[in-house]
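Q: In my numbering, the protein residues as written are 17 to 436.
Glycine included, every Cβ here is placed at the ideal spot set by N, Cα and C.
I have a structure I would like to understand better, so I am pasting it below and will then ask my questions one at a time.
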RNA sequence: GUGGGUAUAGCUCAGUUGGUUAGAGCGCCAGAUUGUGGCUCUGGAGGCCGUCGGUUCAACUCCGACUAUCCACCCCA
């Protein structure tokens, strides 16, 4: 039996890796401009981190984690999301003692045990940013802008930014009671999932796509209309911040995030060009998370952005990638003596940072030329017995077919003619 | 975890109502007179037709199971 890749994983092949490198490059530059530094945390953590950080009641923790015991009997989990590990590191390394706020980004693989489908894998890659230490909602606006700017600067169209506030523990508690009271006598008409949600997480009922649930909820109270003064002011200032930046947004009172730690701001960036999983970027504020993970009481906000989904949109919208870097030179040799010379010249040129290659397949000159053509090199150097006798080489310009001679030992002249 | 679709060369796919040596395009390799790519032409390599079982004189073709994959639900990046 041939060994195949595990379900829900993908190889990023040499022929397509330039796309990833391009996107990563854009991300790094964007983060630097916005004042974010990269952090790299382990791919696995103690299971407890996610249980406490992400929340025991979430789907992620309940059924989607890759958890195992290592040889020392420790319960280990492959990271299912990026925020909790960054929070752990922030606390563990006392980064809260540095000047605040702390602005961090990461690009990391994540692991969730789910049935794969369009835009959903078991191993996927997330770009995320986090800001710790400031409760100013202008920071929320900045964070949202980083996500939007990334997508827009790559040329993506038809994006929808939806924002909401999920309140704080104080006003949410009151609101939950209010919502449950509203739903109490409509419970029978809801789908069976929502009947469960009524007890576990009533907020999520608002998010249900079931028609009958939507109808029942037409005049349900929204969290957004029941915020405490603090949360309300925070949300108003967020909108002002977005207006100043010039970002269009839709206030969507039904946005609910699946992770327990969110407070106040919740947002999603949605595209219709992915398939059923429209969210390419999702995040929000989590003012209680750091304390909950054992750190000092510190506000925070961040997002996760799915890179596979990003690639999907790019492809589905037909957005071209910058061209891949090509080798510039191929050295074709005829015969053994010439091959030695080619080897010598190849490495001499590489030392001068010329992207060059030669034949290692014992091909005929014609086949070497064909191969060079496929590599899309700009020039081919040809060395044979005739050339060695005269101490020269031939340099062929692959774009116009012109052939020039150069002295074999005049490396400067060779470089000039190769580079043109 | 639930539901549906698909499974034939490296890739994208044909394959007639079950019937003899299973095809195409692309890709790969080699040639088209003597040391030169792209275009064209010719030839070649490469498939236990996903796996196992069943029906049949006969299965790539029909049936079943399994596996893989895709899509959708739940949920999320």
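By alpha-carbon positions, which one of 97, 146, 170 ends up nearest to residue 40?
A: 170
Q: If you follow the beta strand (DSSP E) that residue 283 is in, where does it begin and where does it stop?
A: 279-287
Q: Compute the beta-carbon to beta-carbon distance between residue 298 and residue 273, rounded to the nearest angstrom, for a pair I have assumed lies under 8 Å.
A: 6 Å
Q: What does the Cβ neighbour count give for residue 142, buried or exposed, with the cut at 16 atoms within 10 Å?
A: Label assigned to residue 142: buried.
Q: If we call anything under 7 Å between Cβ atoms a contact, is residue 342 one with residue 392?
A: yes
Q: Pair every Cβ in the stretch 183-201 with every Cβ in the stretch 239-255, then say whether three or more of these pairs are closer than 8 Å.
A: yes
Q: Are residue 437 and residue 362 touching if we call contact CB-CB under 7 Å?
A: There is simply no residue 437 to check, as the chain begins at 17 and stops at 436 in what is shown.
Q: Would residue 144 and residue 351 be called neighbours here (beta carbons separated by less than 7 Å)?
A: no
Q: Taking contact to mean 3 or more Cβ pairs, one atom from each stretch, closer than 8 Å, check whether the stretch 24-33 and the stretch 58-67 are in contact.
A: Under the three-pair Cβ rule at 8 Å, the stretch 24-33 does not count as touching the stretch 58-67.
Q: Candidates 345, 377, 425: which alpha carbon is nearest residue 412's?
A: 345
Q: For residue 329, which of 308, 310, 340, 286 has the nearest alpha-carbon?
A: 286
Q: Hey, is the stretch 322-336 in contact with the stretch 171-181, meaning 3+ C-beta pairs nearer than 8 Å?
A: With the cut-off at 8 Å, the stretch 322-336 and the stretch 171-181 touch.
Q: Could you name the residues that DSSP lists as bridge partners for residue 320?
A: According to DSSP, which records beta bridges pairwise, residue 320 is partnered with 144, 298.
Q: What span of residues does the alpha helix (DSSP H) with residue 99 cover, start to end?
A: 99-108
Q: In terms of alpha-carbon separation, which member of 397, 323, 416 lies closest to residue 410?
A: 397
Q: Any idea what DSSP makes of residue 86, helix, strand or coil?
A: Residue 86 falls in the coil class under three-state DSSP.
Q: Taking buried to mean at least 16 other C-beta atoms within 10 Å of its own C-beta, is residue 84 buried or exposed?
A: Under this definition residue 84 is an exposed residue.
Q: Please go through the same chain and pick out, in chain order, the residues whose beta-carbon is closer than 7 Å to the beta-carbon of residue 162, but skip the five residues on each side of it.
A: 46, 50, 145
Q: Could you say if the stretch 89-106 and the stretch 153-162 meet the contact criterion of at least three C-beta pairs nearer than 8 Å?
A: Below 8 Å, too few C-beta pairs join the stretch 89-106 and the stretch 153-162 to call them touching: fewer than three.
Q: Do residue 178 and residue 284 have their beta-carbon atoms positioned less than 7 Å apart in this structure?
A: yes
Q: Taking Cβ to Cβ, would you say residue 437 is nearer than 7 Å to residue 374?
A: Since the first and last residues shown for the chain are 17 and 436, residue 437 lies out of range.
Q: Could you compute how far the alpha carbon of residue 313 sits from the alpha carbon of residue 307?
A: 5 Å
Q: Indicate the three-state DSSP secondary structure (helix, strand or coil) for residue 58 in the structure shown.
A: coil
Q: Within 10 angstroms of its Cβ, does residue 81 collect 16 or more other Cβ (buried), or is it exposed?
A: buried
Q: Does DSSP put residue 402 in a helix, a strand or coil?
A: helix
Q: Look at residue 182 and residue 278 and say whether their C-beta atoms are less than 7 Å apart.
A: yes
Q: Among 73, 69, 54, which residue has its Cα nearest to the Cα of residue 120?
A: 54
Q: If you count every other CB in all the chains shown that lies within 10 Å of the CB of residue 292, and 16 or more means buried, which is it?
A: Within a 10 Å sphere around the beta-carbon of residue 292 sit fewer than 16 other beta-carbons, which makes this residue exposed.
Q: Suppose only complete runs of 3+ residues qualify. What are the beta strand (DSSP E) ranges in the stretch 224-255, listed by chain order?
A: For the stretch 224-255, not a single whole beta strand (DSSP E) run of length 3 or above is found.
Q: Using the three-state DSSP reduction, which class does residue 77 fall into: helix, strand or coil?
A: Reduced to three states, the DSSP call for residue 77 is helix.
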